[in-house]
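Following: one structure in structure tokens, then a few remarks.
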Amino acid sequence: MTTVILLFGVTVLTFSLIQLVPGDSMTASLSETALNDPAVVSAYRDKWGLDEPVTTQYAIYLGNLLQGDLGISRQTSRPVLGDLMTYVPATLEIAIPAMILSVLLGTGIGLYAALRHGRVGDQVVRVGSLLGLSTPPFWLALVTLYVFFYVLGLAPSGGRLSSWITPPPTRTGMLTVDALLAGQWMTWWDAVQHLLLPVAVLTCLTVATLVRFVRSAMLEVLDQDYVRAARAKGLPTATVLRRHVLRAGLVPVITVSGLAFASLLSGTVLVEQIFSWPGVGQYAFRAASGLDLPAVLGVSLFVAVVYTLVNLMVDLLYGVIDPRIRLS
Amino acid sequence: MVRSRTGRVANVTTVMAAVVALAACTAGGGGGGASGGDEGDGGAGENGAASGGTLTVSTSFVINSLDPGQVYEATGALAVHAMYETLVTFSGSDVSTPEPLLAESWEANADSTEFTFNLRDDAVFADGSPVEAEDVVFSINRLNNLSGSPSVTVEGLSASSPEEGVVVVSSDEPNPSVPTILAMPAAGVLNAEIAAENGATDSEDAASEDSATPFLDQTSAGSGPYVLGSFDPASEVVLEANPEYWGEAPGFDRIVIKNVDAQNQKLAIERSPGAEIALDLSGRLLDGLDSSLQTSGAQDTFYFVTLHQDPEVSEVTSNPDFIKALRASMDYEGIAALFGQDALPAAGMVPPAFPGALPDSETKSQDLDAARDHLDASGLEDPSVSLMYPAITYRGVDLGTIATKVQNDAAEAGITIELDPQPIAAFLDAQSAGRVAFRFSPQSLNYPVASSLVNNFAPGQPSAMRSGWSAELASPEMIAAGEAVQEALDPEAQDTAMQEWQRLLDEESPFITLAYNSGVVVATPDLAGVEYSPAGWQVDLRSVRRS
Chain A
2 MTTVILLFGV TVLTFSLIQL VPGDSMTASL SETALNDPAV VSAYRDKWGL DEPVTTQYAI
62 YLGNLLQGDL GISRQTSRPV LGDLMTYVPA TLEIAIPAMI LSVLLGTGIG LYAALRHGRV
122 GDQVVRVGSL LGLSTPPFWL ALVTLYVFFY VLGLAPSGGR LSSWITPPPT RTGMLTVDAL
182 LAGQWMTWWD AVQHLLLPVA VLTCLTVATL VRFVRSAMLE VLDQDYVRAA RAKGLPTATV
242 LRRHVLRAGL VPVITVSGLA FASLLSGTVL VEQIFSWPGV GQYAFRAASG LDLPAVLGVS
302 LFVAVVYTLV NLMVDLLYGV IDPRIRLS
Chain B
2 MVRSRTGRVA NVTTVMAAVV ALAACTAGGG GGGASGGDEG DGGAGENGAA SGGTLTVSTS
62 FVINSLDPGQ VYEATGALAV HAMYETLVTF SGSDVSTPEP LLAESWEANA DSTEFTFNLR
122 DDAVFADGSP VEAEDVVFSI NRLNNLSGSP SVTVEGLSAS SPEEGVVVVS SDEPNPSVPT
182 ILAMPAAGVL NAEIAAENGA TDSEDAASED SATPFLDQTS AGSGPYVLGS FDPASEVVLE
242 ANPEYWGEAP GFDRIVIKNV DAQNQKLAIE RSPGAEIALD LSGRLLDGLD SSLQTSGAQD
302 TFYFVTLHQD PEVSEVTSNP DFIKALRASM DYEGIAALFG QDALPAAGMV PPAFPGALPD
362 SETKSQDLDA ARDHLDASGL EDPSVSLMYP AITYRGVDLG TIATKVQNDA AEAGITIELD
422 PQPIAAFLDA QSAGRVAFRF SPQSLNYPVA SSLVNNFAPG QPSAMRSGWS AELASPEMIA
482 AGEAVQEALD PEAQDTAMQE WQRLLDEESP FITLAYNSGV VVATPDLAGV EYSPAGWQVD
542 LRSVRRS
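In order, the protein sequences belong to chains A and B.
So for the first sequence, this note's numbering puts the first residue at 2; every next one is plus one.
So for the second sequence, this note's numbering puts the first residue at 2; every next one is plus one.
This is how it looks when you write it as structure tokens:
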């Protein structure tokens, strides 16, 4: 029920806010000469129902939404749901590996820094993560592209697949998975190569945040009496870390990881733009630039659903990691 | 135990390092020679590739649809021109002499209100069916009745077929530019039968009843050398060779038009293994470009400021002497230099790529003394005005840089300009509302005929009215000059009239043209037939081949 109220609120808010933006999709969609032609203007307004009162437009949208119809994008002239089904898998394809790598690296490096609190290793990690946090995503993406594609020639320039490769039959929309399912190994390898740079950049950006959270969470746990007691009992360090430190310290880390994952899924516009990656971020940017209301609403709903689902997953993981939460 | 775990970690690390190294070693190398179209299991070879391979075209996408009846953006026009053929066309960078394509000959009546086109009899659509007069009539009338953005170019035109193989296009007004208009990609000829089966109609209510655009965005129905493979408005348009093409076989098996940021186009084409074209490397982006790459361009865009003529909107911009002062204060040479090596300071409104442009000898120059004199004559003391412009980078140039130069030049004459950058949608909306006192923007022609500017910018015409420049405010000479352009049926007479109209425009209009900038095509050295066209499709993909 909360989710339904949240989604309803998102539609009301987005619909209202976009009415306040100066300009409408007509001026963004029609040529200047066409805007001079009353017949063209009238046909456009008619086609997209722009002459209806805003409340009527919203009621129509809501009615269609309840039937699973997110409307037609004014820019692509295709159903918004279909557009999202096309672009979400592309974003998933870079977000999932980036998140997995970020969690593994973030936890490992954060733990390492905590265990070497105040020593050189800790200082290096702290400075490194600070650099990561303060690096603008577009800059990192541009530099990465320049160095690894242009200077070293070690990675492709952008896009999801080389021009001369025919995409595999669409099943999931994730090219690496679809290529595997179709048994097209060279296509799979080409798709993997195209993932490298965007995934690396997203990982760098996310891991910096995670390292700082893991480090401070672990430092707090390492200072607890029960950890000292475990060490005093003579338990091996690895056991102490695995059973007593990591489990307790991971709760706040999971919260941050969840938010970071939702952020990656809901669109990393600049990274997608620089690597010519046709994901949700680029779609959202294009929709917002063109004041494409149905597409903007569709993306907003998608983002709301993503955050809701990720929060749910995070809540479930809390229970797995900390029995006190499960029992309560 | 410890050693064993360490050993496992070492093994895993070694394997991961090997995978990363392998990826690194092969990733960049994938391009080498691969555009030959013979790449492994997923490559073009699977689709029965011939010798042409794949041509990659990188451009920053401006595209909504691949339906000829809806296409007006640059990327759409580029792709549609390769899939749909028109009655006539242009070769290379020339836009003055239409050449036969689906029509083998044509003639106009004495007052240029009726054009008779005789179709060639060997042209066929991609499904093998012949291109007939009914298809042409259907396509032109559908374009007109769809009332979309490109429909305005054929407003007042209608098509009919009095006999097999003949199409007559009638114009409400005398219009010698009809063949040029019909060369535009939007006038591409559809297979009427297939289009109608999928929701297309050429009836007068096509604007509401035609539902073929989603179909035409996924399947082409033209007679061009390429057919549509796939279309994703965010990432790429894939064209495939039309095996049924009636003319010379297309140069490539596939053409992939990719959405790539302009900066990345430069990096990508400099490292390209071949068969690649970049379309957005103009202005400063051309500086330092690898000399082995070939470039082709034409100055086809003008940049101008507009001052509103209604005193209720602005007492400052509506003052004729203020306009003269501002006009004299601009450093046209310096402004053009900001655009890069292919730009020129403005002479008139018509860019040099089109017949009717003013000669170089009439290029404008800065005259600060005259500017101060005009400012004194205006009676305005320390005038200040806000300059609105879209906060975008257009053709490799940040418009904010140009606006700042305008601000500095005006300051030298004692005019204060405050910059007002706006998001593109907000700028277009404000411009459309016609209440912006002072604005700056780029402008291209709707179709490659200079007189089309008169339809928009002559006093009382739509673009002029957005700046409050009504016919009542203009001199009789100005009105007469515009009429002379419209009445001239002979191309040379029209060009002369167009030049005279621009000279008067420079004296009394609220428009100040600052500079011309080029559209540029950059291509790898292994390609032939890559020439920039100011006709709207940028480069004719039909004529691009391996050299």
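In this text, a Cβ means the ideal position worked out from N, Cα and C, and glycines have one as well.
For G530 (chain B), same chain residues with a beta-carbon under 8 Å away, outside a window of 5 residues either side, are G252, D541, S544, V545 and R546 in chain order. Of all C-beta pairs linking the region 451 to 459 of chain B to the region 399 to 415 of chain B, fewer than three are shorter than 8 Å, placing the two stretches out of contact.
If you ignore the 5 residues before and after V246 (chain A), its C-beta comes within less than 7 Å of the C-beta of M219, V222, L223 and V228, all in its own chain and listed in chain order.
Below the 7 Å Cβ cutoff, chain A contributes S78 as neighbours of D218 (chain B), in chain order. Not a single C-beta of chain B is nearer than 8 Å to the C-beta of D323 (chain A). The beta strand (DSSP E) runs of length 3 or more contained entirely in the region 76 to 164 of chain A do not exist; there are none.
Taking C-beta separations shorter than 6 Å and ignoring five residues to either side along the sequence, the partners of S301 (chain A) in its chain run V11 and T15, following chain order. Just so you know, the alpha carbons of L88 (chain B) and L134 (chain A) end up roughly 58 Å apart.
Pairing R255 (chain B) with V238 (chain B) gives a Cβ-Cβ distance that is not under 8 Å. In the DSSP assignment, Q295 (chain B) falls within the unbroken beta strand (DSSP E) covering Q295 to L308. For A231 (chain A), no CB of chain B lies under 8 Å from its own CB, so it is not counted at the interface with that chain.
Shown here, T269 (chain A) sits in coil according to DSSP, grouped into three states, outside any helix or strand.
A distance of 8 Å or more separates the beta carbons of M27 (chain A) and L93 (chain A).
CA-to-CA, the gap between W186 (chain A) and G259 (chain A) works out to about 33 Å. Using a Cβ-Cβ cut-off of 7 Å, T214 (chain B) is close to S78 of chain A, given in chain order.
In terms of beta-carbon proximity, V257 (chain B) lines the interface with chain A, with at least one pair separated by less than 8 Å.
Residue nearest to P215 (chain B) within the set A:R79, A:V252 and A:T56 is A:R79 (criterion: CA-CA distance). With a contact defined as Cβ atoms closer than 8 Å, E488 (chain B) and S94 (chain B) miss out at about 29 Å. Straight-line spacing of the CA atoms in Y284 (chain A) and S32 (chain A) works out to 21 Å. Chain A places no beta carbon closer than 8 Å to that of N176 (chain B), leaving this residue out of the contacts.
When rounded, the separation of the alpha-carbon atoms in R328 (chain B) and A392 (chain B) is 23 Å.
Around T55 (chain B), the beta-carbon contacts reaching into chain A at under 7 Å are S164 and W165.
Here R248 (chain A) has I322 and D323 as same chain residues with Cβ atoms under 8 Å from its own Cβ, once five neighbours each way along the sequence are excluded. For I182 (chain B), the enclosing alpha helix (DSSP H) stretches over residues V179 to I182.
The DSSP assignment places no complete beta strand (DSSP E) segment of no fewer than 3 residues inside the region 10 to 88 of chain A. Non-local beta-carbon contacts of D25 (chain A) in its own chain, meaning distances under 8 Å to residues more than five positions away in sequence, involve L51 and L292 in chain order. In the three-state reduction of the DSSP assignment, E115 (chain B) falls in the strand class, which pools E and B. Taking the Cα positions, F139 (chain A) is about 30 Å away from Q295 (chain B). Residues of the region 183 to 210 of chain B whose Cβ lies closer than 7 Å to any Cβ of chain A, in chain order: A208 and S209. The C-beta of R272 (chain B) comes closer than 8 Å to at least one C-beta of chain A.
Beta-bridge partners assigned by DSSP to F439 (chain B): B:L308. As the crow flies, the alpha-carbon of G107 (chain A) is around 5 Å from that of V208 (chain A). L153 (chain A) and T181 (chain B) have their alpha carbons spaced roughly 48 Å apart. Listed along the chain, the chain A residues whose CB falls inside 8 Å of the CB of D410 (chain B) amount to none; the nearest CB is some 26 Å away.
Look at V215 (chain A) here: in three-state DSSP terms it is helix. DSSP, reduced to helix, strand and coil, places N447 (chain B) outside both helices and strands of the structure shown, so it counts as coil.
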